[in-house]
Amino acid sequence: MKKKLRGKKKGKEKAHNTTDGGGGDSDSEDEGSHLVKFEKCLTTNITNFSNYSLFNSNSLSSPNNPEVRAYSTRSDTNSPTIIIDSGTTSHIHSNRADFKSLKSSSGLINGFGEGSRTIEGRGEALLLAQLPTGGRSHLKLQSTCYVPNSTPTLISVPRLDNADCYTLFGNGRCVTFENQDNGKLLQESMTKGKVIFTGTKGTNRLYHLDMPHQSKEFSYSVTRSPMSKLEQLHYLLGHLNYQAIKAMVHKGLIKGITLSKKELSITPPICAACAKGKATRVSFPASKSGHADKILGLVHSDLWGPAPVQTITGTCYVITFTDDKSHWVWVAFLKRKIEAFTAFKEWLIFAEKQTGQQLYIFRTDNGGEFLTKEWRQMLKDRGIHHETTSPYTPKQNGDAERQNQSIFDCVRTVLIDAGLPLSLFAEAVNYIVYTKNRNSTSALTNTTPYEVCFNKKPNISRLRPFGCKAYVYDHSPKRKKLSPRAFEGVFVGYADSQKAYRIYIPEKRSVICSVHVRFDVNTNMGSRFRAEGEIQFQYNLLKSTFQESTPERSSSPDSVPPTTSSYDFDSDSALEHVPAVQEHIPGVPEHIPAPPDPPARRPRQPRPLSPPCAPSSRVIKSTERGGVPAEEEADEQELANIAHGEEPRTHKQAMASPDAAEWLAAECYELDQLARLDTYQLTRLPRNRSRTGCRWVYKIKCDIDGNIILYRARLVAQGFTQHPGEDFFEMFAPVAKIESIHMLLAIAAILDWEIHVIDVDSAFLNSKMPEDQMVYLSQPPGYIAEGKEDFVWKLGKALYGLKQSGHLWYQKLKGILELIDFHACKSDPCVFVQSSSAATSIISSHVDDLGLYCSSKGEVKLLKSQIRKHVSIKDLGEIQSILGIEVIRDQQARTISLSHCRYIDEIVNCFGQTDAKDLRSPIEMGTRLTQAQCPSTPEEITLMRSKPYQAAVGSLNHAAVMTRPDISKAVQTVAQFASNPGKHHWDAGCFSWSSKKQTATALSTGEAEYYAVTHAGREVIWLRQLLTEIGFAPHIGTTLRIDNTSSIRMIETPDQVTNRTKHINIAYHWIREEVQKQTILPDYVPSEKNISDIFTKGFHAPCHKELASALGMDLRADAS
């Protein structure tokens, strides 16, 4: 029997995945490994482990270790998750709970199928193995890499080898021994029975660690072993940082728990949730103003939202009130921004009644919701001084800003740690604010907000970790005698007006309140729900949702109606009267009642599992459960839809969006450009002249991977308000034809030319306005000159949006290029050619985007410097995209491919077709769409009004013209019904191509083909002319393939006039002259080989794919 022994690996460590399954049967060896072969039978049969006793070494195992943490998995020997791997040079594990100690570390693990993985720490991992004797082995794996989301766990054989362990593979089993007798034979070590662990070969040729069978009820529920008191406090206090906890305990700021000196000196492990949830970019500057000398002397307020996701009750805004003296926080949740004033009024009455104090100073940012007429009037009537920040300087309201950042850092963290859905966002906010009001802050010396308000220390002995498992007593009268007396839920906070716990019931997607609850604080329920498919927790969405920065960044307050009973939690909590303020936060997320407008739709209210709690006595009341925000003013509706990375439509939207800072910078840049180029002069509007409106247009520019590279704001004139003959005369402005661009790309690919792209900065602003076409523009939104509100801009330069701007810019560009010896082609006036004996350069222009096609890099550099002398440009370098089309170039093969994947994905998302079934052919053979399928009944007409049919057809037609000739027939078919589309129409599915419906009625197939040949001939002649003008004149005729012999005879016999041809309009006979001159050479092609059929017919998938391939298209799903 031949067996193999893996020896020690030396040299630089590189962790990677093995290719033979870690100790597979392959004879191949990893580089640097040493393989010892035994040619004789071993004295002990290694496949019979019955004689081996459990071995626990000091270096690798500790059976009595009480801190082992492990996943309890469903009993399934066919899918173990720990692999014994001879190819990886480091132990790799993904479960943070299994690490006894963990230190920060960085690096990459290479060789995973998906690519590299990031190492987030190294430490001692504790695993449990099943031995053949029936015993268990506790493994301590030193220097294990913590790599979240890496599956499976890998035990490194070379690492074991370095620890003087032998690992044998054979007969589908593997066994690892510890060699205590250094230098002795392997057989002697084996007979002593020093077995550490064993493994079994699976169907995938990987060796899996033999693990104990488990019979837990739930799979993948994380069971935490007893942790240190410091760690426990970290979770109970809403992931408060360890230093703050130690300081609070040391100074005696809390009661109910004590820490010994040893416990205080422990270096706590890294909290993965905090590492993800509390990552920051920049901090706010410390406030230099003094604090108020009494409660409500100064209150900071901030509105946060709208959120990209709604809460359970449909809220999407959160408003906070922070007392400057005590740093106590109140919060309320709103459906709409206009509810902020109502929330403030109710909070003010509540706070002043409970504290016995009056509000003196109210500080907010300069948001419009705080500056309404009714808000100003109320503050004036109450004698409250309203302080606001300067426009677009939210950091002046630093206390509110820092408070929001701190709250949402912790909210993000507890949701990540608990693995709960974003719909519980408001519950997390209330939980965090409850704990924050009992935590010390850097602004308070040796005290907490709670102690400032109540004059006693908070008791935290009964705090519970957010997201832990809870068993709630079932009060239902329908419960049967033998039914369970409790049901499971998730702890999410403390009730508001009574002493009770708030428990989330995932099955009903509702929150109830109960005092009769038992907790399993060591079990986190979120992972269970994730595994069972009840909750799709998306960390990326969470990350973008809670992005900190400006005051109205996206958030998602998840609000649940206040259902409360009582709980024996904290004798000095909810019902204290002084700052019952506290109740506003620790309780349920609540929001202001909506106006009487009915909501757009309301989901059915789930029936609670236990008796509903009594209505809250608080001033701020909850709205109904479920539903979506009621319809309101269009501007407010639009504001609620703007999320991070989206393009706003108005200035107000931009300033309320999550990217307000970026849009503000973009607007300032645009105004600076206008001023620098002497675009306007502020003046009074002359008599008998009309003013032209203007608006901001926002655009996010991305690279080919979809990453944001530029926020662009452009001030655009509303040209539709101009008057012809007064404000403008000529308005025609050409752009390069897409066929011209296709041709230039093809030529550059064949000749291996350089292709670069430049963008002219503020192109239209480089052209002067003629004196006889002077335009007077309204001042831009958001930038009205104070004291000169009635003034207008007298434009000296052409502005985007004016009727004549495109024409004036083209004339300016043409003049610039003529100065550097370029001339416009007659075939395409936006293709400019410069010729010399040494080299040739060509420019294509599409408004302000210029493509440079040059024979050498030197020509490109020279051309850019020449253009830069006349206008400011952005050098975008070698071509990667043009007109939104991704350009993939293979210079070695001299090919260029065009991809419209991002655009197509965008229109699929735009028209709500992400869940549509994929088809292998855009229009199946035999598909017939007719006028009879157009809507005729009121119900059908109403249904189709909700379908953006014309916009969808237009978007698809753009793709067909640009890069997808294979869908031309399908688009042409559905476009015929754009004026009155029906449901059937909605559900239906080289470098130059064209397809159009014939306008002339043909009496035979040959006549119809004759008309088509004429149409194709016109395109041929135009392409030949363009090639000639750019220096590539064709010297032979162009072959035109035709699949109809009758039409070919009609072309080649011009003198023959028959009854079948005498009625044809003479204009169509133009093709005969071109054939006689041999400019066009007709050639017969069998119908089955005519690739142009893809433009006129529908085909089954195989045939469609074959024709598309003949066009040079790659229709693979994974193709770029």
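For the record, in the sequence shown the residue sitting at position 464 is 464 according to full-length UniProt numbering, with numbers rising by one throughout.
Beta carbons are placed, not taken as given, at the ideal position from N, Cα and C, and that holds for glycine.
Self-check item: Pairwise C-alpha distance: residue 249 and residue 418
Solution: 26 Å
Practice problem: Go ahead and label residue 243 buried or exposed: buried means 16 or more other beta carbons lie within 10 angstroms of its beta carbon, across all protein chains shown. | Solution: exposed
Quiz item: Taking just the CA atoms, how far does residue 900 sit from residue 746?
Solution: 17 Å
Exercise. Name the residue from 726, 662 and 668 whose alpha carbon lies nearest to the alpha carbon of residue 710.
Key: 662
Practice problem: In the DSSP assignment, find the alpha helix (DSSP H) that holds residue 762 and state where it starts and stops. | Solution: Residue 762 -> no alpha helix (DSSP H), and no H or E assigned at all.
Quiz item: Hey, which unbroken runs of the alpha helix (DSSP H) at 4 residues or more fall wholly within the region 669 to 751?
Solution: Correct list: 738 to 751.
Practice problem: For residue 887, write down the residues that DSSP places opposite it in a beta bridge. | Solution: 898
Quiz item: What is the C-beta distance between residue 907 and residue 963, in whole angstroms, given that I count them as a contact (C-beta under 8 Å)?
Solution: Contact doesn't hold; Cβ gap of about 13 Å is too wide.
Practice problem: Would you identify the three-state DSSP class for residue 81, choosing helix, strand or coil? | Solution: coil
Self-check item: Span separating the alpha-carbon of residue 161 from that of residue 116
Solution: 25 Å
Quiz item: At which residues does the alpha helix (DSSP H) containing residue 349 begin and terminate?
Solution: 340 to 355
Practice problem: Could you check if residue 382 is buried or exposed, using at least 16 other CB atoms within 10 Å of its CB as the buried criterion? | Solution: exposed
Quiz prompt | Close Cβ partners of residue 1106 (< 8 Å) along its chain, the five nearest in sequence each way excluded | solution = none
Self-check item: Spatial neighbours of residue 375 in its chain, beta-carbon cut-off 6 Å, leaving aside the 5 residues before and after
Solution: 341
Practice problem: Could you spell out where the alpha helix (DSSP H) holding residue 170 opens and where it closes? | Solution: Per DSSP, residue 170 lies in no alpha helix (DSSP H) segment; the continuous beta strand (DSSP E) that holds it begins and ends at 165 to 170.
Practice problem: Specify the secondary structure class of residue 1113 as computed by DSSP and reduced to three states. | Solution: coil
Self-check item: Outcome for residue 153 when other beta-carbon atoms lying within 10 angstroms are tallied against a minimum of 16
Solution: buried
Quiz item: Smallest Cα separation from residue 348: which of 952, 821 and 361?
Solution: Distance from the Cα of residue 348 is smallest, within the candidate group 952, 821 and 361, for 361.
Exercise. Look at the alpha carbon of residue 67 and the alpha carbon of residue 892, and state the distance between them as a whole number of angstroms.
Key: Confidence in residue 67 is poor, its pLDDT being 30 and thus under 50, which makes the residue's placement unreliable; the coordinate value appears in the next sentence. Near 60 Å, if we compare the C-alpha coordinates of residue 892 and residue 67.
Self-check item: Enclosing beta strand (DSSP E) for residue 503 [first to last residue]
Solution: 501 to 505
Exercise. Verify whether the separation of the beta carbon atoms of residue 324 and residue 351 is less than 9 Å.
Key: no
Self-check item: Close beta carbons around residue 731, own chain, < 6 Å, minus the five adjacent residues each side
Solution: Contacts found: 803, 804 and 807.
Quiz item: Taking 8 Å as the cut-off, is the CB of residue 858 close to at least one heavy atom of the ligand ATP?
Solution: With respect to small molecules bound, the structure shown includes none, and the ligand ATP cannot be examined in it.
Quiz item: Would the beta-carbon of residue 197 fall within 9 Å of that of residue 131?
Solution: yes
Practice problem: Name the two residues that bound the continuous beta strand (DSSP E) containing residue 489. | Solution: Note, residue 489: beta strand (DSSP E), 486 to 494.
Practice problem: Would you mind sorting residue 1031 into buried or exposed? The rule is 16 or more other CB atoms within 10 Å of its CB. | Solution: exposed
Quiz item: Just checking my contact of residue 1036 with residue 1082 at CB under 8 Å: how many whole Å lie between their CB atoms?
Solution: 14 Å between Cβ atoms; not a contact.
Exercise. Provide the residue span of the beta strand (DSSP E) that contains residue 1082, from first to last.
Key: 1080 to 1084
Quiz item: In this structure, does DSSP put residue 59 in helix, strand or coil?
Solution: Model confidence at residue 59 stands at a pLDDT of 32, short of 50, so the residue's coordinates are unreliable and nothing is read from them.
Quiz prompt | Burial state of residue 724, where buried means 16 or more other Cβ atoms lie within 10 Å | solution = The residue is exposed, with fewer than 16 neighbouring Cβ atoms inside 10 Å.
Quiz item: Between which two residues does the alpha helix (DSSP H) carrying residue 775 extend?
Solution: No alpha helix (DSSP H) contains residue 775, which DSSP labels as neither H nor E.
Self-check item: Distance between residue 959 and residue 989 (C-alpha atoms, nearest Å)
Solution: Bear in mind that the predicted position of residue 989 carries a pLDDT of just 39, short of 50, making it unreliable; the figure below should be weighed with that in mind. Using only the alpha carbons, I get a separation of about 14 Å.
Practice problem: Leaving aside the five residues before and after residue 633 along the sequence, list all residues of the same chain whose C-beta is less than 6 Å from its C-beta, in chain order. | Solution: With a pLDDT of 34 at residue 633, under the threshold of 50, the predicted position of this residue should be treated as unreliable, and no value is reported.
Quiz item: Using DSSP with H/G/I as helix, E/B as strand and the rest coil, what is residue 120?
Solution: Correct three-state label for residue 120: coil.
Quiz item: According to DSSP, is residue 204 helix, strand or coil?
Solution: Residue 204 carries a coil assignment under DSSP once its states are collapsed to helix, strand and coil.
Quiz item: Considering only the beta carbon of each residue, do residue 367 and residue 430 sit closer than 9 Å?
Solution: no
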